[in-house]
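*Asks:* Residue numbers (this note's numbering), protein chains in the order written: chain B, 1186 to 1680; chain V, 1186 to 1680; chain P, 408 to 571; chain U, 408 to 571.
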Amino acid sequence: MFKKLLIANRGEIAVRIARTCRDLGISTVAVYEVGDMGALHVRLADEAFMLTSAQGYRDPRELLAVAQRSGADVIHPGYGLVSEDVGFEQACEAAGITPIGPGSGPLAQVRDRVEAITRVGAAGLPTTQPSSRSFAPEDGAALLAEADQLGYPLVVKSCAGGRGRGTAIARTADDLLAVVRRSSAQAQAAYRDGQIYLEAAILPSRYIEVPILGDVFGNVIHMGDRDGSIQRNTRKVVTEAPAPGLSSSDREAIWQSALTIARLFALRGACTIEFVVDSTGRHFFTEVKPRIQVEHLVTEMISRIDVVREQIRIAAGLPLERSQDQVYLEGHAIFCRVNAEDPWHGYLPSPGRIGSFQLPGGPNVRVDTYAYAGAEVPVRYDSLLAKLVVWGATREETIQRTQRALQEIRIGGIQTNLSLIRLIIAHAEFVSGSYTTEFSRVRLLDALPLPPAERLRDLAAIAALAFLQHTQTVHPAIPQAYTSGWHRESRRLPD
Amino acid sequence: MFKKLLIANRGEIAVRIARTCRDLGISTVAVYEVGDMGALHVRLADEAFMLTSAQGYRDPRELLAVAQRSGADVIHPGYGLVSEDVGFEQACEAAGITPIGPGSGPLAQVRDRVEAITRVGAAGLPTTQPSSRSFAPEDGAALLAEADQLGYPLVVKSCAGGRGRGTAIARTADDLLAVVRRSSAQAQAAYRDGQIYLEAAILPSRYIEVPILGDVFGNVIHMGDRDGSIQRNTRKVVTEAPAPGLSSSDREAIWQSALTIARLFALRGACTIEFVVDSTGRHFFTEVKPRIQVEHLVTEMISRIDVVREQIRIAAGLPLERSQDQVYLEGHAIFCRVNAEDPWHGYLPSPGRIGSFQLPGGPNVRVDTYAYAGAEVPVRYDSLLAKLVVWGATREETIQRTQRALQEIRIGGIQTNLSLIRLIIAHAEFVSGSYTTEFSRVRLLDALPLPPAERLRDLAAIAALAFLQHTQTVHPAIPQAYTSGWHRESRRLPD
Amino acid sequence: MSRLLITIAGHEFEVELIASPDSDGFIGVRVNGELLRIALPLERTLDTIEWAIVESHPYVLRIDHDLRWIESAYGRHRLQIRDLDVAVVRPASGDGRVKAPIPGLIARVLVEVGQRVAAGQPILILEAMKMQNELVAPRDGQVTTVNIRPGQSVLLNELLVEIG
Amino acid sequence: MSRLLITIAGHEFEVELIASPDSDGFIGVRVNGELLRIALPLERTLDTIEWAIVESHPYVLRIDHDLRWIESAYGRHRLQIRDLDVAVVRPASGDGRVKAPIPGLIARVLVEVGQRVAAGQPILILEAMKMQNELVAPRDGQVTTVNIRPGQSVLLNELLVEIG
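#1: Kindly say whether residue 1188 of chain V, judged by its beta-carbon, lies nearer than 8 Å to any beta-carbon of chain B.
#2: Counting only the same chain and skipping the five closest in sequence on each side, list residues whose C-beta sits under 7 Å from that of residue 1616 of chain B.
#3: Which same chain residues end up closer than 7 Å to residue 1314 of chain B when comparing Cβ atoms and leaving out the 5 residues on each side of it in sequence?
#4: Report the three-state DSSP secondary structure of residue 1496 of chain V (helix, strand or coil).
#5: Which same chain residues end up closer than 6 Å to residue 1275 of chain V when comparing Cβ atoms and leaving out the 5 residues on each side of it in sequence?
#6: Does DSSP put residue 1681 of chain B in a helix, in a strand, or in coil?
#7: If you draw a straight line from the alpha carbon of residue 1302 of chain V to that of residue 1409 of chain V, how long is it in whole angstroms?
#8: Can you list, in chain order, the residues of its chain whose CB lies under 7 Å from that of residue 1332 of chain V, leaving out five sequence neighbours each side?
#9: Among V:1582, V:1555 and V:1190, which has the Cα closest to the Cα of residue 1569 of chain V?
#10: Using three-state DSSP, classify residue 1486 of chain B as helix, strand or coil.
#11: Does the distance from the CB of residue 517 of chain U to the CB of residue 533 of chain U come in under 8 Å?
#12: Distance check for residue 1235 of chain V and residue 1161 of chain V, CA to CA, integer angstroms please.
#13: Taking only three categories from DSSP, how would you classify residue 1538 of chain B?
#14: Under 8 Å between C-beta atoms, does residue 461 of chain P make it to chain V?
#15: I think residue 436 of chain P touches residue 424 of chain P, with their Cβ atoms under 8 Å apart; what is that distance to the nearest whole Å?
#16: Let me confirm a value: residue 1307 of chain V is counted as buried when at least 16 other C-beta atoms fall within 10 Å, else exposed. Which label applies?
#17: Identify whether residue 1530 of chain V lies in helix, strand or coil by the three-state DSSP scheme.
#18: What span of residues does the beta strand (DSSP E) with residue 529 of chain P cover, start to end?
#19: Anything in chain B within Cβ reach of residue 431 of chain U, meaning under 9 Å, just list it in chain order.
#20: Just grab the DSSP bridge partners of residue 1284 of chain B for me.
#21: Using the Cα positions of residue 1232 of chain B and residue 1544 of chain V, report the straight-line distance between them to the nearest angstrom.
#22: Which value, in whole angstroms, describes the spacing of the CA atoms of residue 1389 of chain V and residue 1621 of chain V?
#23: Does residue 1181 of chain V come out as helix, strand or coil in the three-state DSSP assignment?
#24: Under 9 Å, CB to CB, which of the residues in the region 1541-1553 of chain V have a partner in chain B?
#25: Could you tell me the distance, in whole angstroms, from the CA atom of residue 1513 of chain B to the CA atom of residue 1444 of chain B?
#26: List, in order along the chain, the chain V residues whose C-beta lies closer than 9 Å to that of residue 442 of chain U?
#27: Smallest Cα separation from residue 1467 of chain V: which of V:1431, V:1295 and V:1453?
#28: Starting from the Cα of residue 1528 of chain V, find the closest Cα among U:432, U:540, U:430 and U:569 and give me that residue.
#29: For residue 1647 of chain V, return the contacting residues in chain U, with the cut-off set at a CB-CB distance below 9 Å.
#30: Mapping DSSP to helix, strand and coil, what is residue 425 of chain P?
#31: Whether or not the region 1244-1262 of chain V and the region 1486-1504 of chain V are in contact is what I'm after, with contact meaning three or more pairs of Cβ atoms, one per stretch, closer than 8 Å; do they touch?
#32: Can you find a C-beta in chain P that's less than 8 Å from the C-beta of residue 1201 of chain V?
#33: What is the C-beta distance between residue 442 of chain P and residue 491 of chain P, in whole angstroms, given that I count them as a contact (C-beta under 8 Å)?
#34: Check whether chain B comes within 8 Å of residue 1631 of chain V, counting only Cβ atoms and requiring the distance to be less than that.
#35: I want to see whether chain P comes within less than 8 Å of residue 1428 of chain V, judged by CB atoms only; does it?
#36: Would the beta-carbon of residue 1327 of chain V fall within 8 Å of that of residue 1351 of chain V?
So, in structure tokens, the structure goes:
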């Protein structure tokens, strides 16, 4: 087993990796850009080095240099940043430091998404239909020609991809170039790569993911499936496992396809094979995510497998601990991605200092976060603030508990998408499990249900009192008990 | 099923009950003394009523009146307060409101601890040896005479008991009356009842608890066992399940005794049958806790049973959902009771405003608490602040993860026993699983291990800098990135 | 005593403060003629008010620091507050000045000085937190000033564009 | 520049501040002659300092508001700080006055005026948070004042007993 692991990431996933390393007794090295100096992922590591080059977390050379300087024998890149950087993975391998990932060979193969679809199709498996190549946003004429061949609607996808940014639908030729320009710009902002490709859209459809684990001995297992159809602002905000509404034969078929694809690319570690499923239940391969994903939490809850632990064990050359029949999938889990953003104002990111921070508790509720009351949400990085996941014996129980947990979370000082998530989980299409990727078109914020008249009256009264208190007209006297904790002391005389 | 449940408690357990009610779709009524006005248990309820009588949470009449006024059809008393008040349970029953508990008949029988032991002994089961009756602290001569008959060492126990307060060991006749006086005073403070009784002590021994569920049809199941031997300041601070170091035959025997005793008293709902186990593995019944306990969390983790949910279902007259073979006990769990107290200063309670509040996360870690950053720990109530529980596939994995979780928790503004708990979990006797109730004599705070020389040097340097900063001699400049989140902006020009 | 007209989610309520706090910390108000007792924590700023109790109903709250909305278990509702005693309506927010809502980098500028714009029309793209964010015109009008150029980084509340 | 003598867990370190913060926020200090770079958050009070980084070692901290101890992953260690420049030892805490460390109810008073007591001897029982808490004599001496009687409730820091 490894002695020292360098965490080449920040925020929630860096914290998550540090936790599993401590559970395994592996010491950790954190890296930080100057703005992350006191961040939780730094505090939870055994050593920490500041990154000083201009590229910071994205600089493969400095990350490798820190690994060598600190004597780390393994690097976990998390997701995003350098996690899909083939050159980085190669450089690690060359330096004799194990990179946690699918291997630089498989990584290169699945990173080229058009090529990956072609190869899966050649192996006789159903795939979505991609454009013949990738494009820059300037390739207007060529794009339009290719789009005509594929037919509308089309999905415009970022080549650098991952984390949902840069994916958008063009429903007609009139939309296409504008959608491409916006996707490309989003991808440029997120990944520093503006190349895009096209895919014939299947509408309505569900976006189904099959997480797998593969070891160096060629053993591959899947950990069930997830539904990632619910997106807002091009990002998956709610994911559940198992995917609702798949027949058991369709489910079995998608699992088998995923295992075949994993073997085809000789994937190692934790990867996700992603499919589009049409309204008849047929599945079409679309891409491989060659790393841990934000949504893996939902898989951890139904399988009780610690995916980070498995990644580390596999990278250490150990065989999988479980055969496929030893993967026990139990109950249902719902995952919510809590972002520091304002859905009421065009999803504008909301950095700043967190004021109140109250998390849900009780049985079968888990929150992973780098945040706490008083923490700064920095402006430089992704808006992912916390990952909430809830488990239940049945889907119905899980929905009820998720609603409860969402009522309990309170994050102040910044804006979050919690109120949006509450609307999603309470929405009839979500509750029935009948949603598709077209759910992103439901305008949740426009038609809010009104509370009962008495409650609206109460809220009006509260607002009035808050206003008066704020404008100094009135000060609610705080009962003495509030401040001294020692009210009506005469009660306490010995009986 | 019930429509509306009154929570006749406060703090963590009231929050815990509210959570399960929301999961089940049962609406809740909270009660609060004026000092708890904004407390979390009030906020999480659907309705809330202030208690105005002098006895507050301990006033059966006002609690029942609120239940009737709000239309509640069931009352959950939690633990402590009115949870073992036979009169309250009878009054609820008379008023047609279901009290969650073992039933007023069984409650009366197990509340008289000396009588309960006698009855269990008469049924042919092994018991500890109690004094023939209970005593007031003034009964000096009678006490000494009875003690001589039982033989030293002796355990002095509160008749009102529960929650560990008022239990203490008298090792010689010289100690006895002082120990009795102190126990009685503690019991008086905690339960308003200073009566005590004696029990022949078995030393060294382990304190083993078997949590059971019983329904109105006479079905009884157990949920494994727990070890509650580790106490500080007369309270169980660390509990684990399953109990380490029980042979499988001894474990099976203790489970069977627990089931027999539960049937003997016709116990309903969630109760715990408690035993003293000697160094040869023989068990002796000592008492029944006729309610949910703080430590039930550890049982929930290894069984995935929501005990509060089962309590409610049983009270509603539903049969148990599981037979004994359907209770799957998996892995290991360790529970830590985090108190607002200062173990370095005689366990002095530490009320006040919580400053920083950072909880552990990641897989298999759960914290139940009423607290959050900015919350008040009131001076009027028990010092229980948070319940931490950690699960792992093996005991070793669980210990490692518990240590990790304990490093992650940070609670500022008040004193807590976290540093004491860290010392317990890291102690060789705990790690080996060989501890007994005599562990309470280990003076953990006296002989602290020193950190490596370099780390001590670093801490000295930090202390120096903190002192200088505090005395205004020096202000560490906060790099611009800290405040603006927008450092070295030239980096961000398009590549 | 103070009288306010509260418009919440399009519904109007006249709220009158009628009593100072009693010994339990409850304040009496009259809402559309109906008497209610309310408890509220004393907080320095509106957005730190976490809860309230109205009669026997507890509320978990988030209140906008500018009182434009209130959020509870029932969702988020728009607010408008008018002080009936001073007979002044609080000014509608938003003139023609577009300021940076977060620090960031100007990715693109979509308008020029002199150009006519409609309310809601995108006028520039601000890159921050790895996202491209469209800022839109707060009202119809003519662009009078453009203070920034692409590639420039801007601070919070920096004036970017003015619409006359 | 400042020089301090730090005694931590019985070990002495001479710490000298040698440089103001660099652009990354690290401060240079010399500890027993050895140069170290330290980063510390700027906090108003000592007990809100949550972390520090010394060279490449991060620390999660709790520091007593009176700097009597520092707690980290390595446990809790006693501190003593002496400013070598002003040559004044910080006074050892604790005179003969016994104040209420928390608000509570006096359950019993175990001493009388004029009585001789030894350091560590229980002098009264304070009931708070459902617990009986023994308060002990801070030093040897004679009881000069007893300000309280059983059954009386006391506020935080109220003077209870004086030992002369």
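All C-beta atoms in this analysis are idealised placements derived from N, C-alpha and C, irrespective of residue type, glycine included. This one's a predicted model, so the numbers in the text were calculated from it and none came from an experiment.
*Replies:* Per the coordinate set shown:
#1: Cβ-Cβ to chain B under 8 Å: no for residue 1188 of chain V.
#2: Beyond the five residues adjoining it in sequence on each side, residue 1616 of chain B comes within less than 7 Å, by CB distance, of 1584 in the same chain, given in chain order.
#3: Only residues of its own chain outside the window of five on either side were considered, and among them 1335, 1384 and 1385 have a CB closer than 7 Å to the CB of residue 1314 of chain B, listed in chain order.
#4: When DSSP states are grouped into helix, strand and coil, residue 1496 of chain V belongs to the helix group.
#5: Answer for residue 1275 of chain V: 1289, listed in chain order.
#6: Given a span of 1186 to 1680 for chain B in the structure shown, any question on residue 1681 of chain B remains unanswerable.
#7: Rounded to whole angstroms, residue 1302 of chain V to residue 1409 of chain V spans 22 Å at the Cα level.
#8: Taken in chain order, the residues that qualify are 1339, 1358, 1361 and 1383.
#9: Scanning V:1582, V:1555 and V:1190 for the CA closest to the CA of residue 1569 of chain V turns up V:1555.
#10: In this structure, residue 1486 of chain B counts as helix in the three-state DSSP scheme.
#11: Contact flag unset, no.
#12: No answer is possible for residue 1161 of chain V: it lies beyond the span of chain V, which begins at 1186 and ends at 1680.
#13: Three-state result, residue 1538 of chain B: strand.
#14: By this cut-off, residue 461 of chain P is not an interface position.
#15: Contact between residue 436 of chain P and residue 424 of chain P is confirmed by a C-beta separation of about 6 Å, below the 8 Å threshold.
#16: Exposed, since its Cβ has fewer than 16 Cβ neighbours within 10 Å.
#17: DSSP, reduced to helix, strand and coil, places residue 1530 of chain V within a helical segment of the structure shown.
#18: Secondary structure note for residue 529 of chain P: its beta strand (DSSP E) is the uninterrupted segment 529-535.
#19: The contacting residues are 1219, 1222, 1235 and 1237.
#20: Beta-bridge analysis with DSSP links residue 1284 of chain B to B:1260.
#21: Rounded to whole angstroms, residue 1232 of chain B and residue 1544 of chain V show a C-alpha spacing of 21 Å.
#22: Rounded to whole angstroms, residue 1389 of chain V to residue 1621 of chain V spans 6 Å at the Cα level.
#23: Because chain V here runs from 1186 to 1680, residue 1181 of chain V falls outside it and cannot be looked at.
#24: Correct list: 1541, 1542, 1543, 1544, 1545, 1546, 1547, 1548, 1549, 1550, 1551, 1552 and 1553.
#25: Here the alpha carbons of residue 1444 of chain B and residue 1513 of chain B stand approximately 17 Å from one another.
#26: Going along chain V, no residue has its Cβ under 9 Å from residue 442 of chain U, so there is no contact; the nearest lies around 10 Å.
#27: Minimum Cα-Cα distance from residue 1467 of chain V among the listed residues V:1431, V:1295 and V:1453 corresponds to V:1431.
#28: Nearest of U:432, U:540, U:430 and U:569 to residue 1528 of chain V, Cα basis: U:540.
#29: Ordered by position in chain U, the residues that pass the 9 Å Cβ test against residue 1647 of chain V are 445, 447, 456, 459, 461, 466, 468, 470, 477 and 479.
#30: Residue 425 of chain P: strand per DSSP, three-state reduction.
#31: Flag = yes, the region 1486-1504 of chain V and the region 1244-1262 of chain V touch.
#32: By this cut-off, residue 1201 of chain V is not an interface position.
#33: Wrong, their Cβ atoms sit about 18 Å apart, outside the cutoff.
#34: Chain B, which has no Cβ nearer than 8 Å to the Cβ of residue 1631 of chain V, makes this no.
#35: Chain P contact via Cβ: absent.
#36: No Cβ-Cβ contact shorter than 8 Å links residue 1327 of chain V with residue 1351 of chain V.
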